[in-house]
Amino acid sequence: MRVVLVTMALRVPTDPSHWITVPPQGYAGIHWIVANHMDGLLELGHEVFLLGAPGTEPVSPAVTVVDAGEIEDMHAWLNSSEASVVDVVHDFSCGQIDPDRIPKNMAYLSTHHLTGKPKYPRNCVYASYAQRAQAENDVAPVVRISVNRARYPFQAQKDDYLLYLGRISEWKGTYEAAAFASAAGRRLIVAGPSWEENYLARIRRDFGETLDLVGEVGGERRLDLIARATAMMVLSQSTMGPWGVVWCEPGSTVVSEAAVCGTPVIGTSNGCLAEIVPGVGAVVPEGSDFTTEQARDVVAGLPEPGSVHATAVRQWDYVVVAKEFETIYHDVLAGRSWT
Ligand code: UDP
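Quick note on numbering: my numbering labels position 178 of the sequence shown as 268, and the sequence is numbered without any gaps.
Okay, here's the thing in structure tokens:
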């Protein structure tokens with residue numbers, strides 16, 4: 091099949107003359123999701139056109155990187171003669187592409203990666219049942235975020251630190267992760283961008299002594315931090331997010347990334363986490379009231395790296411998940427449609 095993967099087109103915040111690529115240079119969940127899914131489609135022998143990430147280095151001759159990042163340019167390309175060979179458009183852009191503006195003969199589906207309702211619900215796939223329920227939908231397919239084990243190193247021996255990897259924000263629970271680490275007597279390494287100064291200042295004030303802020307990370311440094319951590323902290327909170335709805339963790343890229351490295355996850359039960367953390371880690375309550383005993387017990391009871399890795403591969407392997415999407419592509423090509 092010839093598949094167009096549309097990523098969310100975003101410019102690099104520190105260098106707006108460049109687009110975020112697939113995989114991304116730094117923080118960017120959707121671009122990692124697209125990278126892993128593209129690996130899976132290639133493994134199954136499909137041809138991929140990548141839209142929304144100009145400047146990406148193609149990983150194979152079967153990948154065409156389309157030079158279109160502006161929303162108008164993406165629509166124009168989808169309607170061009172170059173795109174006339176395409177079978178399916180799989181849209182991860184979360185609303186940048188209007189499905190009514192692509193040719194009628196192209197099969198179309200999207201995957202939602204935000205919290206709340208998708209802008210265009212037609213043929214939308216969700217990353218968790220919780221995300222789908224929040225969108226008030228109970229018929230759409232649910233397909234998990236996949237991970238390509240070849241992109242992530244497995245490490246059996248862990249260091250003492252706990253890791254927070256993501257945007258430093260209230261709904262992602264960076265404060266609560268710092269509270270947990272402090273209660274457990276562990277250092278918390280916090281990697282990721284910070285766009286809310288007051289929030290960061292509060293974390294520093296209350297837990298500065300056990301905190302190690304390393305900023306946004308990419309490349310080998312990111313992989314090394316994930317692989318050596320005692321656990322990945324994903325303490326997402328049911329707080330009002332920036333999109334006017336209570337935060338419901340949609341799919342959580344870092345869970346499968348950590349798990350495939352053999353790094354267990356400590357998560358809340360917010361959104362998808364209740365569905366995906368059991369088996370690869372421990373679920374703890376929302377909030378920041380952790381006693382030392384409770385936090386230490388959680389860390390002591392974490393599953394072994396080997397079993398965490400095996401569970402990640404069994405549940406979220408990039409080829410297994412690509413096959414699930416392949417079936418949905420065939421369904422859509424055969425005329426199936428849902429909202
Ligand atoms: N990430 C990264 N560098 C950082 C912080 C995060 O590469 O400094 C990546 C992380 O590995 C993951 C993504 O950014 O792939 C965050 O995605 P997730 O779904 O966990 O969070 P969200 O997209 O909701 O912010």
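In this text, a Cβ means the ideal position worked out from N, Cα and C, and glycines have one as well.
Just so we're clear, the structure is a prediction, and the values are computed from it rather than from any experiment.
- For ligand 1, the residues with a Cβ under 6 Å from any of its heavy atoms are, in chain order, Gly116, Tyr117, Ala118, Gly119, Trp122, Leu255, Gly256, Arg257, Ala281, Gly282, Glu306, Val307, Gly308, Arg312, Ser342, Thr343, Val344, Glu347.
- At the C-beta level, leucine 325 and glutamate 266 come within 9 Å of one another.
- Rounded to whole angstroms, the separation of the alpha carbons of alanine 372 and threonine 382 is 16 Å.
- The Cβ-Cβ distance between threonine 429 and asparagine 227 falls below 9 Å.
- As the crow flies, the alpha-carbon of glutamate 286 is around 11 Å from that of isoleucine 293.
- Apart from sequence neighbours up to five positions away, the residues of its chain that approach alanine 274 with a beta-carbon distance below 8 Å are Leu252, Phe380, Thr382, Ala385, Arg386, Val388, Val389, ordered along the chain.
- Secondary-structure assignment with DSSP links isoleucine 356 through a beta bridge to Met323, Ala372.
- Between glycine 116 and glycine 308 the beta-carbon gap is near 4 Å, inside 8 Å, which marks them as a contact.
- By the CB criterion at 9 Å, proline 189 and asparagine 169 fall outside the cutoff.
- According to DSSP, residue pairing for threonine 201 in a beta bridge involves Val215.
- Annotation for glutamate 416: Leu134 place their beta carbon closer than 7 Å to its own, counting only its chain and skipping 5 residues before and after.
- A Cβ-Cβ separation of about 15 Å leaves leucine 423 out of contact with aspartate 181 under the 8 Å criterion.
- In the three-state scheme derived from DSSP, where H, G and I count as helix and E and B as strand, glycine 396 is classed as helix.
- Take the alpha-carbon of alanine 402 and the one of valine 370: they are about 7 Å apart.
- Threonine 343 and histidine 203 have their C-alpha atoms some 10 Å from each other.
- Within the same chain, and ignoring the five residues on either side of threonine 329 in sequence, the residues whose Cβ sits closer than 8 Å to its Cβ are Glu260, Trp261, Val336, Trp337.
- Within the same chain, and ignoring the five residues on either side of tyrosine 219 in sequence, the residues whose Cβ sits closer than 7 Å to its Cβ are Val232, Glu365.
- Approximately 29 Å separates the beta-carbon atoms of aspartate 163 and tyrosine 408; this is outside 8 Å, ruling out the contact.
- Looking at the DSSP output, glycine 206 sits in no beta bridge, so it has no partner there.
- Contact between glutamate 306 and glycine 282 holds, since their C-beta atoms are separated by about 6 Å, short of 8 Å.
- When DSSP states are grouped into helix, strand and coil, methionine 164 belongs to the helix group.
- Annotation: histidine 127 to alanine 158 spans about 20 Å, alpha carbon to alpha carbon.
- Pairing glutamine 221 with threonine 97, the inter-Cα distance amounts to about 19 Å.
- Judged by DSSP secondary structure, tryptophan 122 falls within the alpha helix (DSSP H) whose first and last residues are 119–133.
- Secondary structure at tryptophan 333: coil, using DSSP grouped into helix, strand and coil.
- Rounded to the nearest whole angstrom, the CA to CA distance from serine 378 to proline 393 is 23 Å.
- It is roughly 11 Å from the alpha-carbon of alanine 400 to the alpha-carbon of threonine 353.
- With fewer than 16 other Cβ atoms inside 10 Å of its own Cβ, serine 174 counts as exposed.
- For alanine 281, the enclosing beta strand (DSSP E) starts and ends at 278–281.
- Closest in C-alpha terms to alanine 291, from the list His420, Ala317, Lys194, Thr264, comes Thr264.
- The continuous beta strand (DSSP E) containing aspartate 105 extends over residues 105–109.
- Beta bridge pairing from DSSP links glycine 159 with no other residue.
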